[in-house]
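Undergrad:
Numbering (this note's numbering), first residue to last: 59 to 188.
(1) Got a sec, what are the start and stop residues for the beta strand (DSSP E) residue 220 sits in?
(2) Tell me, please, whether the CB atom of residue 125 is closer than 8 Å to any CB atom in chain D?
(3) Among the candidates 142, 112, 110, whose CA atom is the shortest distance from the CA of residue 130?
(4) Taking residue 104 as the reference, which of 171, 165, 172, 173 has the closest Cα?
(5) Just to confirm the assignment, what range does the alpha helix (DSSP H) spanning residue 119 have?
(6) Do you know offhand how far residue 152's Cα is from residue 111's?
(7) State the start and end residues of the unbroken beta strand (DSSP E) segment that holds residue 101.
(8) Return the residue from the list 173, 107, 118, 148 that minimises the CA-CA distance to residue 126.
(9) With distance defined between alpha-carbon atoms, name the residue in 170, 158, 144, 128 nearest to residue 118.
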């Protein structure tokens, strides 16, 4: 167990531990918990009718290629976007982003949740059901 926990407190390695995409190994289930360090997490919440506007925001403001599917993620060199729920995104960046967001993004209720830096990595055939 100690081997798994080595390096979690090394600044700058936290974001690298969070690989984008879907997780799951056929026939095996697993949960991996790590703590992010050196990263800021900003939550954006939106309604279904705002989805196309959110896609545009992600492309223009964060240079992200797309709006991720549910329980998936996408990234560019500077930002990682996780779709936590149907109408909720988490943007993981090295620097805080709320102050630099255009005033028009207030309708997405930007919230700094950087204190919530525990990451659950689920895998296995039934991971999506969690």
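Cβ atoms here follow ideal geometry from the backbone N, Cα and C, with glycine treated the same way.
TA: Considering the structure as presented:
(1) Residue 220 falls outside the range modelled here, since the chain spans only 59 to 188, and no answer is possible.
(2) Within the model displayed, chain D is absent; a lone protein chain is all it includes.
(3) Taking the first residue of the chain shown as position 1, residue 130 is located at position 72. The shortest C-alpha separation from residue 130 is found at 142.
(4) Indexing the chain shown from 1 puts residue 104 at position 46. Nearest option by C-alpha distance: 165.
(5) Locating residue 119 in the chain shown gives position 61, where the first residue counts as 1. Start and end: 109-120.
(6) As a working note, residue 152 is residue 94 in the chain shown. As a working note, residue 111 is residue 53 in the chain shown. Their backbone Cα atoms lie some 24 Å apart in a straight line.
(7) The residue given as residue 101 occupies position 43 in the chain shown. Segment 98-103, the beta strand (DSSP E) holding residue 101.
(8) The sequence position of residue 126 within the chain shown is 68, counting from 1. Ranking the options by Cα distance to residue 126, first place goes to 148.
(9) For this step, residue 118 is matched to residue 60 along the chain shown. Nearest to residue 118 by C-alpha distance, out of 170, 158, 144, 128, is 158.
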